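Written out below as C-alpha cells is the structure these notes cover.
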Amino acid sequence: MNKISVIIKREYLSRVKKRSFVVMTILGPLLMAALMIAPAMIVALSDPEYNVAVVDDSKLFFHVFTDTPNYKFTHLETDIESAKQLLRDEKFDAVLHIPDIAFQSPASLRIFTLRTVNFGARSHMESLLKTEFEGLKLTVHGIDPEVLMAVETRISIATIRLDEDGQARTDFPEVSMGLGFVTGFLIYIFIFLFGSQVLRGVLEEKTNRIVEIIVSSVKPFQLMMGKIFGVGLVGLTQFVIWVVLTFGIVTGVQSAFPEVFRFTPEEEVYVTGAQTLDPAALQQQLEAAQAQNTFAGQILEGLAAINFPVIILSFLFFFIGGYLLYAAMFAAIGSAVDNEADTQQFMLPVTIPLIFGIIMMQAVLENPDGPMAFWLSIIPLTSPIIMMVRIPFGVPYGELALSAALLVAGFFFATWVAAKIYRTGILMYGKKIDYAELWKWIRHK
Amino acid sequence: MEYLFKAEQVSKSYTGHKALSNVSLAIPSGSIFGLLGPNGAGKTTFIRIINQIIAPDEGTIYYRNEKMTPDHARHIGYLPEERGLYKKMKVGEQAVYLAQLKGVPEQKAKKLLREWFEKFDLMRWWGKKVEELSKGMAQKVQFIITVLHKPDLLIFDEPFSGFDPINVNLLKQEILKLREEGATIIFSTHNMASVEELCDNIALINKSEKILDGNVREIKKDFSTNIYQLELSQLNRPVEQLFDHRFELISAAPQNGLVNARVKILGNAGSNELLKQVITASTVVSFNELMPSMNDIFIKTVTGKFPQEGDEYKGSAEANSYLSE
Chain A
1 MNKISVIIKR
11 EYLSRVKKRS
21 FVVMTILGPL
31 LMAALMIAPA
41 MIVALSDPEY
51 NVAVVDDSKL
61 FFHVFTDTPN
71 YKFTHLETDI
81 ESAKQLLRDE
91 KFDAVLHIPD
101 IAFQSPASLR
111 IFTLRTVNFG
121 ARSHMESLLK
131 TEFEGLKLTV
141 HGIDPEVLMA
151 VETRISIATI
161 RLDEDGQART
171 DFPEVSMGLG
181 FVTGFLIYIF
191 IFLFGSQVLR
201 GVLEEKTNRI
211 VEIIVSSVKP
221 FQLMMGKIFG
231 VGLVGLTQFV
241 IWVVLTFGIV
251 TGVQSAFPEV
261 FRFTPEEEVY
271 VTGAQTLDPA
281 ALQQQLEAAQ
291 AQNTFAGQIL
301 EGLAAINFPV
311 IILSFLFFFI
321 GGYLLYAAMF
331 AAIGSAVDNE
341 ADTQQFMLPV
351 TIPLIFGIIM
361 MQAVLENPDG
371 PMAFWLSIIP
381 LTSPIIMMVR
391 IPFGVPYGEL
401 ALSAALLVAG
411 FFFATWVAAK
421 IYRTGILMYG
431 KKIDYAELWK
441 WIRHK
Chain B
1001 MEYLFKAEQV
1011 SKSYTGHKAL
1021 SNVSLAIPSG
1031 SIFGLLGPNG
1041 AGKTTFIRII
1051 NQIIAPDEGT
1061 IYYRNEKMTP
1071 DHARHIGYLP
1081 EERGLYKKMK
1091 VGEQAVYLAQ
1101 LKGVPEQKAK
1111 KLLREWFEKF
1121 DLMRWWGKKV
1131 EELSKGMAQK
1141 VQFIITVLHK
1151 PDLLIFDEPF
1161 SGFDPINVNL
1171 LKQEILKLRE
1181 EGATIIFSTH
1191 NMASVEELCD
1201 NIALINKSEK
1211 ILDGNVREIK
1221 KDFSTNIYQL
1231 ELSQLNRPVE
1241 QLFDHRFELI
1251 SAAPQNGLVN
1261 ARVKILGNAG
1271 SNELLKQVIT
1281 ASTVVSFNEL
1291 MPSMNDIFIK
1301 TVTGKFPQEG
1311 DEYKGSAEAN
1321 SYLSE
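Rendered as C-alpha cells:
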C-alpha cells in the first residue's frame, strides 16, 4: 500500500511540476473566462454613442426620440440639405429625415449615412416610429390605445412538476438542459484528456525499459493503479483550479465593470391596462406573474428547482468513476503496444462508446426519461456522460443507485481485465499484438 | 553447502512456446553464479521468475530454504539487460524514487545515494535530467540503484554492456567487493572472459533446458581434452620419434628455434609420464595443459563441437589467444 502512495506521489508531482501543466492551468481559466466575458464586453464596447440628427419636416414625431445610452438624437430645425452637409462634416453619424408626408406614406422615411448604417440604431428608430404611427392611427380611427393594450396578452405556460413527495415545483427545462450538457461534456473531456495521459505514461515506461526495474520492486498492478490514481489526481487538481479561477476572474471582472453585465430590462410591462376588480390584490398577483415571466426570473426559478447537492455529488462520482473505468482500459492499451502509432486499432472500441455518448446527448436532452436515456445512463460505458445529462431533470434515486453500482462494478471488471493485459504486455516487446493475443492474455491464469 | 536460492523443476511456457522446462539449480550463498546461454534460451524468463515478476507454471523456488514469496523481492537487487530510466526526471530524484520502491526510507536513500554518487563521480549530475547523461553514466546510476538497498541477492543481466574498459574494471571491483561483503550474485552474460574471471559456479541454459551446471574449475576439468603443449629445444632425435604408443603427437612446428608440439595423452597415463619421456630427449622450455576456455565449453555444449580456428564467433579470437599463450 505504501508503495502505491510513493508511485502516486511521483506520478502526481512529475506532472504537476511540468511547465505545460502550469501554463494550461493558468491559461485554461483565462480562456474560459474570456469566452464568458468577451461577448458582453464586445457588445458593450462595439456600441459607442451613435449620433443621429433628426430632421422632422412634419413636426409630429421628434418627441418620440429620447436619448439612450447608445443612441443620441439631435433635433435639427434646418432643411435636409444643410443636415446632409453637417453629416458630410462628420458632425453626426446619421441623419433621419421625416418628410411632411411621412404619416400618409411611411415609405418616404430616409436615413442618410456616410458609412453602412448601424442596424441597431435603425431598428430602434423604426420601432419607435412604428409605435407612434400605430398610436396616431388608432386615434384617427377613434380607438383608445389603452383598450388595445389591455387586450394584448402574452402567453407563456409555466410548467409545474409534481415531485414524488407531492410538492409542486416550477420547472424550467432550459436550465436543466444547459446544466446537463455542460456537466456531461466536462466528463467527456476529462476522460479523454487524462485517459490518454495514462496511456502515454504506461507507454513511456514500457519504451523506456524502466518498467522491468520497477516491477522487480512492486507488483505490476500497484504500478498501474498508482499511475491511474496519480493522473486522476492531476486531473482533479487542474479541474478544481480551473473552476475556482474561472469563477474568480468572472466575478472580478463583473464587479469591476458592473454596468456591462447589468440585466437590461428589455421586457416591457404588459399589464397596465387591467383595471378590473380589486386593484391592489390584482396588482400583487400581476407583479408576481411578471417576475416569473422575465427571463432572468425564470432562470432563477429554474435554478432554484434543481437539486444541487445531488448534482454536485453525482458529478463528482461519475466524473471520478468514468475516469477510472476508462483509465484502466487506456492503461491496458498502453501496455499492449510498442509505440503510439500501434494504439489506433485498440483505441477505437474504447473511444466509440464515449463519442456515442456525446452524440446521443441531444436525443437524451429531448426526452430525458425515455427508454434510450434510461439504458444509456445505466450501462457503465456511457453512463458517466448520459447520467449527468439526465440528473438535472431529476432521476429516481433507485436508478441513480443502480447506475452508480454498475459503474463501480464496471470499474472493477475493467481493472481486472486491464491488470491481466498489463502484466503481460509491459514485458512484451517487438510483437505485433492483435485481439486474439489479448484474449489469450486475459484467459491466462 | 548453504544455498541462498534453489529452483526445483521449474517450467514456464508462454502462449505458443516453452521458455523453461524442468530447470533445477542451486546457488551457493556468497558466490558468484554465472547464468549462461544463447539468446532466447530462457535466461531472462528464469531471472524474472527469481524476481517474482512472473510465476512459474510448475516447480518451486526457494529463498534460504523458504518457499519464495513476493515479499522476498526486497532482498533482491536486479539490473535488467534492457534497462532505462525516466528521461525527463532528475537523476537524484529518480534514484530516490526507485530506492523508495525497494523499501528504503527517503532520508536514508538520500544519504546512501550521496555516498555512492561521490564514489562514482556523479554528484554534479544529481540535479540534471537523465536525458543529459551519457549512456555510461546512466548505466552507473542504474548500477547504484540496484545495489543501494544492500540486497542479499544481486542479479546482473549483461552488466558490462555499454561500459568502457575503465568502467568495466570499476564495476568488476565493486561486484567482487559486494561478494566479499556477503552478497550472492547471479550474473547473466555472453562475455565468457568475464565469466572465467568472476564466476565460481555456472549453469548453462539452452533451448529452455539446463544442459550444464557446476563449479567452473570442475567443469573445465571435465572438458579437458588431455592435450598438452610443449616447447622443446636441443632435441636428440626428430620430434615424431619422441613419444611411445601412450601418446599421440597432434602437431609439431618449429618456432623461434624451438619446437612447438601438441601432444594428447591416450589411455590413463598422466602428465608426469609425458614429461618423463621428453625430458630424456630434449630440454623442456615450457609445458602446460591446454585447458578449454569457457567460451569453447559454451560453444561445444550448445553446438556439439569445439570451435575451430577462424570460426566466426565473437569469442574465438579470445580462445585462440589462449592457445598461443
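Chains A and B, in that order, give the protein sequences. Sequential numbering from 1 applies to the first sequence in the working numbering. Sequential numbering from 1001 applies to the second sequence in the working numbering. Virtual Cβ for every residue (Gly too), placed ideally from N, Cα, C. None of these values were measured; they are calculated from a predicted model.
*May I ask which residues mark the beginning and end of the beta strand (DSSP E) holding Gly-1034(B)?*
Counting from one through the second sequence, the residue named residue 1034(B) turns up at place 34. 1032 to 1036 is the extent of the beta strand (DSSP E) around Gly-1034(B).
*Whole-angstrom Cβ separation of Leu-1035(B) and Ile-1185(B), contact assumed at under 8 Å?*
What you label residue 1035(B) is simply residue 35 of the second sequence in a count that begins at 1. What you label residue 1185(B) is simply residue 185 of the second sequence in a count that begins at 1. The pair is not a contact, with the Cβ atoms about 10 Å apart (cut-off 8 Å).
_For Val-389(A) and Val-364(A), believed in contact at Cβ under 8 Å, the rounded distance_ = Here residue 364(A) refers to the residue found at position 364 when the first sequence is read from its first residue. Here residue 389(A) refers to the residue found at position 389 when the first sequence is read from its first residue. That belief holds up - the Cβ atoms of Val-364(A) and Val-389(A) are roughly 5 Å apart, short of 8 Å.
*Which of the three DSSP states, helix, strand or coil, is assigned to Glu-268(A)?*
The sequence position of residue 268(A) within the first sequence is 268, counting from 1. Since pLDDT at Glu-268(A) reaches only 40, below the 50 mark, its modelled position is unreliable, and the value read off the structure follows with that caveat. Correct three-state label for Glu-268(A): coil.
_Quick check: what's the CA-CA separation for Val-1285(B) versus Asp-1244(B)?_
Stepping through the second sequence from its first residue, residue 1285(B) is reached at position 285. Stepping through the second sequence from its first residue, residue 1244(B) is reached at position 244. Distance from the CA atom of Val-1285(B) to the CA atom of Asp-1244(B), rounded to whole angstroms, is 21 Å.
_Output needed in chain order: residues of the region 189 to 221 of chain A with a Cβ under 9 Å from some Cβ in chain B._
Residues Glu-204, Glu-205, Thr-207, Asn-208, Arg-209, Ile-210, Val-211, Glu-212, Ile-213, Ile-214, Val-215, Ser-216, Ser-217, Val-218, Lys-219 and Pro-220.
*Taking Cβ positions only, does Gly-1040(B) come closer than 8 Å to chain A?*
For this step, residue 1040(B) is matched to residue 40 along the second sequence. Chain A, which has no Cβ nearer than 8 Å to the Cβ of Gly-1040(B), makes this no.
*Coarse secondary structure for Val-117(A), derived from DSSP in three states*: Within the first sequence, the letter at position 117 stands for residue 117(A). The answer is coil: DSSP assigns Val-117(A) none of H, G, I, E or B.
*Environment of Thr-246(A) [buried if 16+ CB atoms lie within 10 Å]*: Within the first sequence, residue 246(A) is the residue found at index 246, counting from 1. So Thr-246(A) counts as buried.
_When you measure from the CB of Thr-1146(B) to every non-hydrogen atom of the ligand SAM, does any distance come out below 7 Å?_
For the structure depicted, the ligand SAM is absent and the ligand set is empty, with no information on it obtainable.
*Below 8 Å on the Cβ atoms is my guess for Gly-321(A) versus Pro-392(A); work out the distance and round it to an integer in Å.*
The residue labelled residue 321(A) in the question sits at position 321 within the first sequence. The residue labelled residue 392(A) in the question sits at position 392 within the first sequence. That pair is no contact at about 18 Å.
*Between the beta-carbon of Ser-1188(B) and the beta-carbon of Asp-1222(B), is there less than 8 Å?*
Along the second sequence, read from residue 1 onward, the residue named residue 1188(B) stands at position 188. Along the second sequence, read from residue 1 onward, the residue named residue 1222(B) stands at position 222. Not a contact, by the Cβ cut-off of 8 Å.
*Compile a chain-ordered list of the residues in the region 6 to 17 of chain A whose CB is closer than 8 Å to at least one CB of chain B.*
Cβ contacts with chain B: Val-6, Ile-7, Arg-10 and Ser-14.
*So is Glu-268(A) buried or exposed if we call it buried at 16+ other beta carbons inside 10 Å?*
Here residue 268(A) is taken as the residue at index 268 of the first sequence, counted from 1. With a pLDDT of 40 at Glu-268(A), under the threshold of 50, the predicted position of this residue should be treated as unreliable, though the coordinate-derived value follows. By the C-beta density criterion, Glu-268(A) is exposed, having fewer than 16 other C-beta atoms within 10 angstroms.
*is_contact[Lys-3(A), chain B] using C-beta, thresh 8 Å*: On the first sequence, position 3 is the one that residue 3(A) refers to. The beta-carbon of Lys-3(A) is placed less than 8 Å from the nearest beta-carbon of chain B.
*Three-state secondary structure assigned by DSSP to Asn-1256(B)*: Taking the second sequence and counting its residues from 1, the one referred to as residue 1256(B) is at position 256. Assigned with DSSP and collapsed to three states, Asn-1256(B) falls in coil, not helix or strand.
*asked:* Within 8 Å of any Cβ in chain B, is that where the Cβ of Lys-432(A) sits?
replied: Position 432 of the first sequence, counted from the first residue, corresponds to residue 432(A). By this cut-off, Lys-432(A) is not an interface position.
*Label Arg-15(A) either buried or exposed according to how many other C-beta atoms from any shown protein chain fall within 10 Å of its C-beta, with 16 as the threshold for buried.*
As a position in the first sequence, residue 15(A) is number 15, starting the count at 1. Buried, by the Cβ-count rule.
*Check the Cβ-Cβ distances between Lys-440(A) and every residue of chain B, and say whether any is below 8 Å.*
Taking the first residue of the first sequence as position 1, residue 440(A) is located at position 440. When Cβ-Cβ separations below 8 Å define contact, Lys-440(A) makes contact with chain B.
*Cβ-based neighbour list, Phe-61(A), same chain, cut-off 7 Å, excluding 5 preceding and 5 following*: Along the first sequence, read from residue 1 onward, the residue named residue 61(A) stands at position 61. Taking Phe-61(A) as the centre and dropping the five residues before and after it, the same chain places the C-beta of Ile-98, Leu-129 and Glu-132 closer than 7 Å to its C-beta, in chain order.
*asked:* According to DSSP, simplified to helix, strand and coil, what is Phe-1243(B)?
replied: Here residue 1243(B) is taken as the residue at index 243 of the second sequence, counted from 1. In this structure, Phe-1243(B) counts as coil in the three-state DSSP scheme.
*Using a C-beta cutoff of 8 Å, does Pro-1070(B) count as contacting chain A?*
Numbered from its first residue, the second sequence carries residue 1070(B) at position 70. Output row for Pro-1070(B): interface = yes.
*Could you check if Phe-263(A) is buried or exposed, using at least 16 other CB atoms within 10 Å of its CB as the buried criterion?*
As a first step, residue 263(A) must be located in the first sequence, where it is residue number 263. Residue placement at Phe-263(A) is flagged as unreliable, the pLDDT there being 48, under the threshold of 50; the coordinate-derived value follows with that caveat. By the beta-carbon neighbour count (other beta carbons within 10 angstroms, threshold 16), Phe-263(A) is exposed.
*Given that Tyr-1062(B) touches chain A, what residues does it touch there, using C-beta distances under 9 Å?*
As a first step, residue 1062(B) is located in the second sequence; it is residue number 62 there, counting from the start. Chain A residues near Tyr-1062(B): none, gap ~18 Å exceeds 9 Å.
*Backbone CA spacing between Phe-1046(B) and Ser-1208(B) [nearest angstrom]*: In the second sequence, the residue the question calls residue 1046(B) occupies position 46. In the second sequence, the residue the question calls residue 1208(B) occupies position 208. Going from the Cα of Phe-1046(B) to the Cα of Ser-1208(B) covers about 9 Å.
_Given a cut-off of 8 Å on the beta-carbon distance, is the pair Leu-1133(B) and Val-1104(B) in contact?_
Indexing the second sequence from 1 puts residue 1133(B) at position 133. Indexing the second sequence from 1 puts residue 1104(B) at position 104. Against a cut-off of 8 Å, the Cβ pair of Val-1104(B) and Leu-1133(B) comes out as no contact.
*Measure the CB-CB distance between Glu-1008(B) and Gly-1059(B) and report whether it falls below 8 Å.*
Within the second sequence, the letter at position 8 stands for residue 1008(B). Within the second sequence, the letter at position 59 stands for residue 1059(B). Against a cut-off of 8 Å, the Cβ pair of Gly-1059(B) and Glu-1008(B) comes out as a contact.
*Measure how close the beta-carbons of Ser-1333(B) and Asp-1071(B) come, nearest whole angstrom, since I'm counting them as under 8 Å.*
As shown, chain B starts at 1001 and ends at 1325. That puts residue 1333(B) outside it, with no answer to give.
_Cutoff 8 Å: Ala-1252(B) Cβ touching any chain D Cβ_ = Considering every chain present, this structure includes no chain D. Its protein chains are A and B.
*List the residues that DSSP assigns as beta-bridge partners of Ser-403(A).*
The residue you call residue 403(A) lines up with position 403 of the first sequence. For Ser-403(A), DSSP assigns no beta-bridge partner whatsoever.
_Listed by chain order, chain A residues near Lys-1087(B) by CB distance under 8 Å_ = As a first step, residue 1087(B) must be located in the second sequence, where it is residue number 87. Near Lys-1087(B) (Cβ distances below 8 Å), the residues of chain A are Asn-208.
*Indicate whether at least one CB of chain A lies closer than 8 Å to the CB of Lys-1102(B).*
Counted from its first residue, the second sequence places residue 1102(B) at position 102. Yes, because at least one Cβ of chain A sits closer than 8 Å to the Cβ of Lys-1102(B).
_Among Leu-1020(B), Ala-1026(B), Asn-1022(B) and Gly-1037(B), nearest to His-1190(B) - alpha-carbon criterion_ = Working through the second sequence from its first residue, we reach residue 1190(B) at position 190. For His-1190(B), the closest C-alpha among the options Leu-1020(B), Ala-1026(B), Asn-1022(B) and Gly-1037(B) is that of Gly-1037(B).
*asked:* Please state the DSSP three-state secondary structure of Tyr-50(A).
replied: Indexing the first sequence from 1 puts residue 50(A) at position 50. It is a strand residue.
*asked:* Can you pull out the residues from the region 1180 to 1200 of chain B whose beta carbon lies closer than 8 Å to at least one beta carbon of chain A?
replied: Of all residues in the region 1180 to 1200 of chain B, none has a C-beta nearer than 8 Å to a C-beta of chain A.
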